[in-house]
Amino acid sequence: MIYQYVHSLKKGDAIGNEVVAIREYLLNCRIDNLIVKFAPDYPQKGTIFVDEFEKKVAPGDLLIVHYAWVLPDVIWKKMKAFPCKKIMIYHNITPGEFFAPYDKKTAKASAAARVQLSEGARIFDAAWGVSQYNADELSALGYKNVDVLPLLISFPDYQKEPNRVLMERLNDGYTNIFFVGRMVPNKCFEDIIFAFAEYKKQYDPNSRLILVGNDDLKPYVYKLQNFCRDQNIKDVLFRAHCPFSDILAYYRSADLFLCMSEHEGFCVPLLEAMVFEVPVMAYSACAVPDTLGDGGICFTDKEPSKVASIMHALLTDEQLKTAMLENQKKQLQRFDPQIILKEMLEKIRKYQD
Amino acid sequence: MSEEKPFIKNAVWREQLESIAQNAEPSSTDYKKLFEETDNFGVDVKSIMGEIGVQPDSGADNTETSKSESMDTIGAYIAHAQRIEDIISVTHNPPTSPLRRTIKRTLLKVLCWPTRRYLIPQVNFNTDIVRANQEMLVLLAQINKSDRDSAEEARQELKKANQQMEKMRERIEELEEKIAFMERVASESDNKTADAAEEKT
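Chains V and G are the protein sequences, given in the same order. With the numbering used here, you'll find the first sequence wraps up at 391, consecutive numbering, no jumps. With the numbering used here, you'll find the second sequence wraps up at 286, consecutive numbering, no jumps.
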């Protein structure tokens, strides 16, 4: 039996999607598997809670732990004692220093997660990073049998029906610059706003910046919004907790995807933008260059005028855009879920008795 | 001697784009400094709206906030202001000269240090209200603008409708004239036929 542990199974969440995709693939290969979760969340077939798992787990089983944030002590302390082989899939942890000015509690939790991660080297039989960057972190911490297993992307979801009304409103002749991601400091939303302000001022007054993502970290979000108001930066649209059909509409209406994040373990939205054939520009940090490849422009300096000049070049040069879209197709092939799942199964078999 | 780091990381795009980035005029605005100086204060309007039972803003575009959404938002701000009105009364100062106020504040700060513990949160609450008021003014301005725009649109529509009515009136008059002419011709023709019949008999 293969178990996948995920702290909280969230619908539409990148990790949640991966857990469900692995479960379905294993079932298709006629391999019994269950999802173990700690927190009650949306109902999903084949899930059990930790206490039931503790009763069921046997020495011949395999436990895959999706690690992305600090696990409760009650689970972590038992981890070593579970009598089966254990593999970690590491999605990365945002360093606490990004949160410290806005949310001390999250910063503390991040530090605790880093401590757990370093202890994990003695617990897990193998560890797979979803990117080379993550795998390098695991190797540096002394994990054994480190490998790369790219994140599984649920590509068919992107073919769903977008919000047509919203698309009509956005297709009003304005240039739409887009970014989606949790509104947290490591994603550097402020740098996107700086570059946009410069682009709007120097090149295209009829442009709009669309920022979509969870806005739970209120002090940071207020600071971003207050900044736009105080500096009179117009046409910056903040949207939080919007339905998937709206996200699809934003992608379909976007002229450029701009990412300024300084910490990413993988960065799914880069690939999402490629699916929608949106030209991508991203700051070179952590796993970003690896995920982006040559499917977008990766830059090394955040000087707003330099970023704005490249935005302008990309938005006006059709040949450059066409060449980029060609490269995006090639890059997307690297993340074909069927190939990744097949690789994963081969890796799993090494640890199954 | 250290070489300058290229701006474009991917070799495939560097040749075409590096010079564009390097030739860009440095920005005249120090965005980073301005951002650092920006406060992170805000009123969580959506949660207050939820508490007082109005629908949070569902607008897909913040530049097109509708009148009803703005009114709901204002309602939430009023609820928020009412909630902290007790604090306002505590810190309220009757109108007096700025010098007296400054002396009073300085004395309070220096001599009554325990009072400062209470003043600081009160000052924060007042900032809260000032910000809420500013937001309300912006929203009211938006509503007024939207009203003005709507009135102008209605005036234009009315003008167009009047013009169309005028044209239609002219057309009706033309048609009436034509009908009258044709009736006259018909009656003349009837008369002629009747005369001819009479002559025959």
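Cβ coordinates follow ideal geometry from the N, Cα and C atoms, glycine included. Predicted model, so just to flag it, every value in this text is computed and none were measured.
Alpha carbon to alpha carbon, how far is residue j from residue i? Give it in angstroms, no decimals.
i: isoleucine 125 of chain V; j: methionine 117 of chain V; result: 11 Å
i: leucine 222 of chain G; j: alanine 145 of chain V; result: 37 Å
i: isoleucine 127 of chain V; j: valine 108 of chain V; result: 14 Å
i: methionine 382 of chain V; j: isoleucine 102 of chain V; result: 11 Å
i: aspartate 146 of chain G; j: lysine 256 of chain V; result: Bear in mind that a pLDDT of 43 at aspartate 146 of chain G, under 50, signals an unreliable position, so the number given afterwards is only what the model happens to contain. Taking the straight line from one Cα to the other gives about 20 Å.
i: alanine 150 of chain V; j: arginine 220 of chain V; result: 21 Å
i: phenylalanine 232 of chain V; j: lysine 225 of chain V; result: 14 Å
i: isoleucine 257 of chain G; j: proline 317 of chain V; result: 60 Å
i: glutamate 268 of chain G; j: glutamate 283 of chain G; result: 22 Å
i: aspartate 141 of chain V; j: glutamate 310 of chain V; result: 29 Å
i: serine 112 of chain G; j: asparagine 244 of chain V; result: 20 Å
i: valine 58 of chain V; j: valine 222 of chain V; result: 26 Å
i: leucine 286 of chain V; j: asparagine 172 of chain V; result: 28 Å
i: alanine 351 of chain V; j: lysine 252 of chain G; result: 52 Å
i: leucine 102 of chain G; j: glutamine 227 of chain G; result: 42 Å
i: cysteine 324 of chain V; j: lysine 230 of chain G; result: 47 Å
i: glutamine 371 of chain V; j: glutamate 364 of chain V; result: 12 Å
i: glutamate 261 of chain G; j: tyrosine 288 of chain V; result: 58 Å
i: phenylalanine 137 of chain V; j: isoleucine 131 of chain V; result: 12 Å
i: glutamate 175 of chain V; j: tyrosine 105 of chain V; result: 13 Å
i: aspartate 89 of chain V; j: isoleucine 60 of chain V; result: 22 Å
i: glutamate 89 of chain G; j: glutamate 302 of chain V; result: 25 Å
i: leucine 57 of chain G; j: arginine 185 of chain G; result: The structure shown does not extend to residue 57 of chain G, since chain G is modelled only from 86 through 286, so no value can be given for it.
i: valine 175 of chain G; j: arginine 216 of chain G; result: Its pLDDT being 40, under 50, valine 175 of chain G is placed unreliably by the model, and the measurement read from it follows with that caveat. Taking the straight line joining both Cα atoms gives about 19 Å.
Does DSSP classify residue i as helix, strand or coil?
i: arginine 202 of chain V; result: helix
i: arginine 246 of chain V; result: strand
i: tyrosine 212 of chain V; result: coil
i: tryptophan 114 of chain V; result: helix
i: glutamine 197 of chain V; result: helix
i: threonine 85 of chain V; result: strand
i: alanine 109 of chain G; result: coil
i: phenylalanine 337 of chain V; result: strand
i: arginine 207 of chain V; result: helix
i: tyrosine 241 of chain V; result: coil
i: arginine 99 of chain G; result: helix
i: aspartate 185 of chain V; result: strand
i: leucine 255 of chain V; result: coil
i: phenylalanine 120 of chain V; result: coil
i: arginine 240 of chain G; result: helix
i: glycine 303 of chain V; result: coil
i: asparagine 125 of chain G; result: coil
i: threonine 176 of chain G; result: Low per-residue confidence applies at threonine 176 of chain G: pLDDT is 44, beneath 50, and the placement is therefore not dependable, though the value from the model is reported in the following sentence. Correct three-state label for threonine 176 of chain G: helix.
i: valine 218 of chain V; result: strand
i: arginine 372 of chain V; result: coil
i: glutamine 126 of chain V; result: Correcting the residue type first, residue 126 of chain V is methionine in the shown sequence and not glutamine. Here methionine 126 of chain V sits in strand by DSSP.
i: glutamine 269 of chain V; result: coil
i: glycine 98 of chain V; result: coil
i: arginine 277 of chain V; result: strand
Just to confirm before moving on: does the CB-CB distance between residue i and residue j stay below 7 Å?
i: phenylalanine 304 of chain V; j: serine 156 of chain V; result: no
i: alanine 346 of chain V; j: glutamine 240 of chain V; result: yes
i: cysteine 336 of chain V; j: lysine 245 of chain G; result: no
i: methionine 349 of chain V; j: serine 291 of chain V; result: no
i: alanine 235 of chain V; j: aspartate 253 of chain V; result: no
i: alanine 159 of chain V; j: tyrosine 181 of chain V; result: yes
i: phenylalanine 92 of chain G; j: aspartate 332 of chain V; result: no
i: leucine 308 of chain V; j: leucine 330 of chain V; result: yes
i: glutamate 228 of chain V; j: phenylalanine 120 of chain G; result: yes
i: glutamine 366 of chain V; j: methionine 319 of chain V; result: no
i: isoleucine 230 of chain V; j: methionine 298 of chain V; result: yes
i: phenylalanine 76 of chain V; j: histidine 45 of chain V; result: yes
i: phenylalanine 276 of chain V; j: leucine 249 of chain V; result: yes
i: tryptophan 166 of chain V; j: aspartate 185 of chain V; result: yes
i: valine 218 of chain V; j: leucine 247 of chain V; result: no
i: alanine 52 of chain V; j: valine 326 of chain V; result: no
Near-chain G residues of the segment 322 to 339 of chain V (beta-carbon distance less than 7 Å), N- to C-terminal order: Ser322, Pro327, Asp332, Ile335, Cys336, Phe337, Thr338 and Asp339
Count the C-beta pairs between the segment 377 to 388 of chain V and the segment 56 to 75 of chain V that are closer than 8 Å, then say yes if the count reaches three, no if not. Segments in contact, yes.
Proximal residues, the segment 96 to 108 of chain G versus chain V, C-beta separation under 8 Å: Val97, Trp98, Gln101, Leu102, Ile105, Ala106, Gln107 and Asn108
In the segment 109 to 120 of chain G, which residues sit with their C-beta less than 8 Å from some C-beta in chain V, listed in chain order? Against chain V - using a Cβ distance shorter than 8 Å - the residues of the segment 109 to 120 of chain G are Ala109, Glu110, Pro111, Ser112, Thr114, Tyr116, Lys117, Leu119 and Phe120.
What residues from the segment 251 to 272 of chain V come within 9 Å of chain G, judged by C-beta to C-beta, listed N to C? Lys256, Pro257, Tyr258, Val259, Tyr260, Lys261, Leu262, Gln263, Asn264, Phe265, Arg267, Asp268, Gln269 and Lys272
Between the segment 184 to 192 of chain V and the segment 366 to 381 of chain V, do at least 3 Cβ pairs fall closer than 8 Å? yes
Pull out every residue of the segment 132 to 145 of chain V whose Cβ sits closer than 9 Å to any Cβ of chain G, in chain order. Pro139 and Tyr140
Counting Cβ pairs closer than 8 Å, one from the segment 349 to 359 of chain V and one from the segment 195 to 205 of chain V, do we hit at least three? no
Taking a cut of 9 Å between CB atoms, which residues from the segment 350 to 361 of chain V lie near chain G? His350, Ala351, Leu352, Asp355, Leu358 and Ala361
What are the residues of the segment 284 to 317 of chain V that lie near chain G, defined by any Cβ-Cβ distance shorter than 8 Å? Asp284
Near-chain G residues of the segment 214 to 233 of chain V - C-beta to any C-beta below 7 Å: Glu228 and Phe232
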